[in-house]
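Protein chains in written order, with the numbering used here: chain A, 1 to 87; chain B, 88 to 174.
There are 2 protein chains.
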Amino acid sequence: MEIEDWRKQIDELDEQIVALICKRAEAAKAIGVAKRDKGLPVYEPQREDAVLEHVKKLNCGPLGDAELMHIYERLMDVMRTLQRRDI
Amino acid sequence: MEIEDWRKQIDELDEQIVALICKRAEAAKAIGVAKRDKGLPVYEPQREDAVLEHVKKLNCGPLGDAELMHIYERLMDVMRTLQRRDI
C-alpha cells in the first residue's frame, strides 16, 4: 500500500475514534452530573488507575504500554476538565 | 443510569477506542517505513494540520474543539515517536 492509501485508512479510523471519544465524553459528563448530585469528588484516583489498567490490558500493539498510557492520560485529563466545566 | 452503568459503558468504549488506536498505530508505522524508503521526513506539518482539521470537523461534542485537539495532539505526538522508533 502507498502512503496515500494508509492515510485514507487513518482518516477513516479517525472518524471512528472521534465518534467514540464523543460518546465517552457524554458518559463522563453524565458521571460528572451524578457526582455533583451525590457530593462526590471529580477526581477519583482509584477509578483512574482502574481505567489505565484496563486500557493496558487491551493494548494490541505496536505502541508500547507507556505510549498508550501517554495518550490515555491526556484523554482522561480532558474528560476531568469537562466534568468540572459542564455540570 | 447510575455511575456504575456509565462506567461500564466507558469500559466498553475504551475497548473499541484502544483497538482503533492500535490499528491507527499500525498504519502510522507502515507510513514510517514508506517515508524512510522514499527519504521523506517523519514530521510533515501540512499533513498533521490536515488531520487536525479533519478531526475538528468530526467533533460531535460535548468536548470543545480545543479539548479534542488537545487529545489528538498527544495522539499524533505518540505516533510520530513510533515512526521514529520502529522503522
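Just so you know, even glycine gets a beta-carbon here, dropped at the ideal spot from N, CA and C.
Interface flag, A:R84 vs chain B, CB-CB below 8 Å: no
Start-to-end residues for the alpha helix (DSSP H) that takes in A:E12: I3 to K38
Bounding residues of the alpha helix (DSSP H) (the contiguous stretch that carries B:V138): P132 to L145 is the span of the alpha helix (DSSP H), which, as asked, contains B:V138.
Residue of B:E89, B:M88 and B:I104 minimising C-alpha distance to A:L52: B:I104
Residue closest to A:P62, alpha-carbon to alpha-carbon, out of B:M166, B:A121, B:I90 and B:D124: B:M166
Between the CA atoms of A:L13 and B:K110 - distance to the nearest angstrom: 8 Å
Among B:R94, B:R161, B:N146 and B:L155, nearest to A:P66 - alpha-carbon criterion: It is Ala, not Pro, that sits at residue 66 of chain A in the sequence shown. When only C-alpha atoms are compared, the closest one is B:R161.
B:Q133, buried or exposed, once every other Cβ within 10 Å from all chains shown has been counted against 16: So B:Q133 counts as exposed.
Contact check, A:L82 vs A:A28, beta carbons under 8 Å: yes
Min CB distance B:E113 to chain A below 8 Å: For B:E113, the closest Cβ of chain A is nearer than 8 Å.
Buried or exposed (CB count within 10 angstroms, at least 16 for buried), B:M163: It is buried - the Cβ of B:M163 has at least 16 other Cβ atoms within 10 Å.
Residues near A:V55 by beta carbon distance below 8 Å, same chain, minus five either side: L68, M69 and Y72
Euclidean distance between Cα positions of A:D37 and B:K95: 20 Å
Span of the alpha helix (DSSP H), counted from its first residue to its last, around B:V165: D152 to R172
Whole-angstrom distance between B:I108 and A:R84, CA atom to CA atom: Cα-Cα distance, rounded: 27 Å.
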